[in-house]
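Worksheet: one structure, shown below.
Number of protein chains: 2
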Amino acid sequence: MAMTDGLQADKALLETALVQKDQTALEALLGKRRSADVAELLETFIDDDDDEATALALLETLSFERGGNVFSYLQDETQQRLADGMADKWLVKLLEEMGSDERADFFNLVGEDRREALLRRMARHEREEVLHLASYQEGTAGALMTADYVAIPAGLSVSQAMMRARQTAPDAETVYQIYILDGDGRLIGTLSLRQLMVARPGAAVDDLMIRDVIHTRVDAEQEDVAKLVARYDLLAVPVVDDSDRLVGIVTHDDALDVVEAEATEDIHKGMSIGQLETGVSRVPLLKLYRKRIVWLVLLVFGNLFSGAGIAFFEDTIAAQVALVFFLPLLIGSGGNAGAQAATLTVRGMATGDVGVRDWGKLMGRELLVAGALGLTMALAVAPIGVVRGGEAVALVVAISMITIVLFGSLLGMCLPFLLDRLGWDPATASAPLVTTVIDACGVVIYFSIASHLLGLG
Amino acid sequence: MAMTDGLQADKALLETALVQKDQTALEALLGKRRSADVAELLETFIDDDDDEATALALLETLSFERGGNVFSYLQDETQQRLADGMADKWLVKLLEEMGSDERADFFNLVGEDRREALLRRMARHEREEVLHLASYQEGTAGALMTADYVAIPAGLSVSQAMMRARQTAPDAETVYQIYILDGDGRLIGTLSLRQLMVARPGAAVDDLMIRDVIHTRVDAEQEDVAKLVARYDLLAVPVVDDSDRLVGIVTHDDALDVVEAEATEDIHKGMSIGQLETGVSRVPLLKLYRKRIVWLVLLVFGNLFSGAGIAFFEDTIAAQVALVFFLPLLIGSGGNAGAQAATLTVRGMATGDVGVRDWGKLMGRELLVAGALGLTMALAVAPIGVVRGGEAVALVVAISMITIVLFGSLLGMCLPFLLDRLGWDPATASAPLVTTVIDACGVVIYFSIASHLLGLG
Chain U
66 MAMTDGLQAD
76 KALLETALVQ
86 KDQTALEALL
96 GKRRSADVAE
106 LLETFIDDDD
116 DEATALALLE
126 TLSFERGGNV
136 FSYLQDETQQ
146 RLADGMADKW
156 LVKLLEEMGS
166 DERADFFNLV
176 GEDRREALLR
186 RMARHEREEV
196 LHLASYQEGT
206 AGALMTADYV
216 AIPAGLSVSQ
226 AMMRARQTAP
236 DAETVYQIYI
246 LDGDGRLIGT
256 LSLRQLMVAR
266 PGAAVDDLMI
276 RDVIHTRVDA
286 EQEDVAKLVA
296 RYDLLAVPVV
306 DDSDRLVGIV
316 THDDALDVVE
326 AEATEDIHKG
336 MSIGQLETGV
346 SRVPLLKLYR
356 KRIVWLVLLV
366 FGNLFSGAGI
376 AFFEDTIAAQ
386 VALVFFLPLL
396 IGSGGNAGAQ
406 AATLTVRGMA
416 TGDVGVRDWG
426 KLMGRELLVA
436 GALGLTMALA
446 VAPIGVVRGG
456 EAVALVVAIS
466 MITIVLFGSL
476 LGMCLPFLLD
486 RLGWDPATAS
496 APLVTTVIDA
506 CGVVIYFSIA
516 SHLLGLG
Chain Z
66 MAMTDGLQAD
76 KALLETALVQ
86 KDQTALEALL
96 GKRRSADVAE
106 LLETFIDDDD
116 DEATALALLE
126 TLSFERGGNV
136 FSYLQDETQQ
146 RLADGMADKW
156 LVKLLEEMGS
166 DERADFFNLV
176 GEDRREALLR
186 RMARHEREEV
196 LHLASYQEGT
206 AGALMTADYV
216 AIPAGLSVSQ
226 AMMRARQTAP
236 DAETVYQIYI
246 LDGDGRLIGT
256 LSLRQLMVAR
266 PGAAVDDLMI
276 RDVIHTRVDA
286 EQEDVAKLVA
296 RYDLLAVPVV
306 DDSDRLVGIV
316 THDDALDVVE
326 AEATEDIHKG
336 MSIGQLETGV
346 SRVPLLKLYR
356 KRIVWLVLLV
366 FGNLFSGAGI
376 AFFEDTIAAQ
386 VALVFFLPLL
396 IGSGGNAGAQ
406 AATLTVRGMA
416 TGDVGVRDWG
426 KLMGRELLVA
436 GALGLTMALA
446 VAPIGVVRGG
456 EAVALVVAIS
466 MITIVLFGSL
476 LGMCLPFLLD
486 RLGWDPATAS
496 APLVTTVIDA
506 CGVVIYFSIA
516 SHLLGLG
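Residue numbers (my numbering), protein chains in the order written: chain U, 66 to 522; chain Z, 66 to 522.
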């Protein structure tokens, strides 16, 4: 993982302080450090040095509260590795200090037996809570949410609500958004702490609260939850179950992580790489292989169409071998332009900038832009065509360039729409897929034009 | 833009209500609607119907406060178009209700003359503030930040601080993080509202506050500011100037927008598309052309190397034309694998998962994975080689496949590191660039192996 020189120096000092059991030095090195940074330190001991012992020793010097906080910042694999070396008693103490969402995430990492052992040691409330939160499918609002929110019943005054907020403050993930529930636990309103602060202490919360609460459901896709947070600049989104009962909240920091993770997944999808779920430097080699090979092999077979096209025009090629000189250039250029068009469309769909209704308008725009691109590229390649093969060949290459770039761009732009229409993920229109299709079509277009204009084959 | 059927129906009702000046209907349709949603409505009137008049009429029905809020949710182009149709007096009233960051962003959209006219109508404090905030380069913390934060001097008690927070609450972007400044306005500490709430009213803020405040500078890249917010799960990051004076804060919602915008930029960069700054459905056609053509033309010339390679091996091709059948397949496959490797590396660097030091480790991992990928793909293509050209050709194609995929993957993985070493943006190692390089190398590798093993040319 990315590491700075300062970190390297600190590692050495910490190892010394640990060995010498120097509490003062440890306090000086770790005391003021933020949990995210301490977690990073532990990661480097594991990633770079394979040194779980030192990482565990460091974790042990921290209070349970701090240790739990640090533990929650660790990567999944690091949590698993360290947990393997921790006694149940200690691990449970740390887990109890973690946010309920992070605790549940960890539970989904450990095996059955360990889970049982840990649950047995937990207080009943926490045990039920973790089993509940851990039951949701990964990638949904349920899996993201925390149960540490502030909820009050209807009918309270502003000052009563403030008191509740103050009481719950130490345990809540966020105390800045308060949720009002009815007798059945259903979400009926929300109020921000800011609104509470500026209101008259005697005013009724029910009069001030927002009743049409922006919310999501436990089975909502995490991507959509993040979009909600982004659209309305929310601090947190409440999550309800099928009965509209409030069961958790997803906070802005988790939404931020989701946006980045989803972007990474989209970037990988754009290269026909399957979901890795872990950083590229840490994902197991076999998994990395499996997530890349599927489409690579499919596209090998896809590329046979290019070959078939070439076989069909073998006589044309034999008659004017100089034509082959321009083949990679033409299909490569078409592929580049097409991949650009596909990427713009897929990303536009992902950010909500482009919708299914926009197909016609985008088609028209792409027609114009791709025409201009093709023309420019044809003008760029024409002189080389003259030098390499003469005027006739130059004409063939120029016309082919315009045609292939136009065709490729329009195909690249339309493919995501078509896939969406068929009920598939538009992002399947990846750069490798689009370029493979354009390669095959480009071969046919080029040699057809050549045969026709040069009277070959 | 993406639009729902519900929106379509509402548009019709709104148009009717406006024409009939039906206040009750307007209140029913707009009253409970969130500002982000009203803004979306205005956008559709402009994007779909080119109907500024209705959009302006709608905006006029709102209070200044609501109108300013809605205006701040509009896209840049929409703000400009509407502002063109608004009297200075009205526009300034709306601007005064916007957050200071959004007000400054708008000022950077209008021409000199309009700016002067608007500034003349503004209160002195706001005028200075907007000139200050608008002076920062786009893409920096200064351009992102808002001046609407809560700051208190050192030496206050908890209850005094709470009172200040309560007083500033209506105007502050966020009241949940309080900043403590010294006599010169320098940032010396921070405290969350939560911490204030649970503290003893008589306690000294200076004793409770965090002194080592995570902060950023006015000229920091927005990408780095967002990373800070993500890493430490911050609600807001304070921004200081060269003298460490607090000048603004960047809130979590702006960080979220930055993460998405930066991801879009990275996705476009991965296809050699320059920064569009606007959605693909709205960016001016000429700009879309300019941002795509640069690399497309450069790569046309880059593709000439493939052509040169083919020219060099013209005799080999002439002797065994069946070889050309496999050319697109081999260089296409190598390009796909290489583009995958480059994308994984570039994204890894962008998310901080991969650092310069990791080159050796990643090289080793890629060697193994690419070897496996190449072998699998060679086995997939070998039977077709036998059918198409006989055993000798199949062997040539299989060996070429392994070699090209290995070479391409390692090249794709290394290129971002090399570019970074040269001080360039690693993301320049885009899919089109990588595939173009691999095309050229692939041609040479394939025909060299063919010449050698088949004794040709």
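Glycine included, each C-beta is placed from N, C-alpha and C at the ideal position.
None of the values given here were measured: they were computed from a predicted structure.
Assigned exposure category for residue i - 16 Cβ within 10 Å defines buried
i, result
"residue 444/U", "exposed"
"residue 66/U", "Confidence at residue 66/U is low in this model, with a pLDDT of 40, below 50, so its placement is unreliable and no value can be given for it."
"residue 351/U", "exposed"
"residue 86/Z", "exposed"
"residue 235/U", "exposed"
"residue 348/Z", "buried"
"residue 185/U", "exposed"
"residue 166/Z", "buried"
"residue 160/U", "buried"
"residue 337/Z", "buried"
Whole-angstrom C-beta distance between residue j and residue i, which should lie under 8 Å
i, j, result
"residue 442/Z", "residue 361/U", "6 Å"
"residue 459/U", "residue 450/U", "3 Å"
"residue 147/Z", "residue 183/Z", "Contact flag wrong, Cβ pair sits at about 14 Å."
"residue 241/Z", "residue 244/U", "No, residue 241/Z and residue 244/U are not in contact; Cβ-Cβ is about 17 Å, not under 8 Å."
"residue 311/Z", "residue 250/Z", "6 Å"
"residue 304/U", "residue 294/U", "The Cβ separation is near 12 Å, so there is no contact."
"residue 394/U", "residue 515/U", "14 Å between Cβ atoms; not a contact."
"residue 252/U", "residue 324/Z", "Rounded, the Cβ-Cβ distance is 28 Å, inconsistent with contact."
Whole-angstrom distance between residue j and residue i, CA atom to CA atom
i, j, result
"residue 447/U", "residue 440/Z", "39 Å"
"residue 367/U", "residue 437/Z", "20 Å"
"residue 179/U", "residue 171/U", "11 Å"
"residue 285/Z", "residue 211/Z", "15 Å"
"residue 107/U", "residue 266/U", "47 Å"
"residue 68/U", "residue 109/U", "Low per-residue confidence applies at residue 68/U: pLDDT is 49, beneath 50, and the placement is therefore not dependable, though the value from the model is reported in the following sentence. Residue 68/U and residue 109/U: Cα-Cα distance of roughly 8 Å."
"residue 154/U", "residue 129/U", "11 Å"
"residue 495/U", "residue 206/U", "27 Å"
"residue 173/U", "residue 114/Z", "50 Å"
"residue 376/U", "residue 385/Z", "12 Å"
"residue 478/U", "residue 204/U", "29 Å"
"residue 373/Z", "residue 343/U", "41 Å"
"residue 264/U", "residue 237/Z", "16 Å"
"residue 133/Z", "residue 257/U", "21 Å"
"residue 315/U", "residue 287/U", "10 Å"
"residue 77/Z", "residue 96/Z", "17 Å"
"residue 455/Z", "residue 411/Z", "41 Å"
"residue 416/Z", "residue 378/Z", "43 Å"
"residue 493/Z", "residue 340/Z", "13 Å"
"residue 354/Z", "residue 414/Z", "29 Å"
"residue 281/Z", "residue 290/Z", "7 Å"
Opposing strand residues paired with residue i [DSSP bridges]
i, result
"residue 37/Z", "Summary: the structure shown does not reach residue 37/Z, with chain Z confined to residues 66 through 522, and so no result is reported for it."
"residue 313/Z", "304/Z"
"residue 282/U", "305/U"
"residue 222/Z", "269/Z"
"residue 216/Z", "244/Z"
"residue 109/U", "Paired residue(s): none; residue 109/U is not in a bridge."
"residue 275/U", "255/U"
"residue 205/U", "286/U"
Within chain A, partners of residue i - CB distance below 8 Å
i, result
"residue 233/Z", "As a matter of chain content, chain A is missing from the structure shown, whose protein chains are U and Z."
Q | Under 9 Å (Cβ pairs) to chain Z, residues found in the region 383-402 of chain U | A | Within the region 383-402 of chain U, the residues whose Cβ lies closer than 9 Å to some Cβ of chain Z are 383, 386, 387, 389, 390, 391, 392, 393, 394, 395, 396, 397, 398, 400, 401, 402, listed in chain order.
Q.
Short of 7 Å Cβ to Cβ, which residues in the region 428-443 of chain U face chain Z?
A. Those residues of the region 428-443 of chain U that come within reach of chain Z (Cβ to Cβ, closer than 7 Å) are 430, 433, 434, 437, 438, 441, 442.
Q. In the region 455-488 of chain U, which residues sit with their C-beta less than 7 Å from some C-beta in chain Z, listed in chain order?
A. Residues of the region 455-488 of chain U that bring their beta carbon within less than 7 Å of a beta carbon in chain Z are absent altogether.
Q: Please list the residues of the region 335-362 of chain U that have a C-beta atom closer than 8 Å to any C-beta atom in chain Z, keeping them in chain order.
A: Those would be 335, 336, 337, 338, 344, 345, 346, 347, 350, 353, 354, 357, 358, 360, 361, 362, in chain order.
Q: Please list the residues of the region 279-310 of chain U that have a C-beta atom closer than 9 Å to any C-beta atom in chain Z, keeping them in chain order.
A: Listed in sequence order: 279, 291, 294, 295, 296, 297, 298, 299, 300.
Q: Mind checking the region 242-253 of chain Z against chain U and listing, in chain order, the residues whose C-beta falls within less than 8 Å of any C-beta there?
A: Against chain U - using a Cβ distance shorter than 8 Å - the region 242-253 of chain Z contributes no residues.
Q.
If the cut-off is 7 Å on Cβ atoms, which residues from the region 127-144 of chain U count as contacting chain Z, listed in chain order?
A. Going along the region 127-144 of chain U in chain order, one finds no residue with a Cβ nearer than 7 Å to chain Z.
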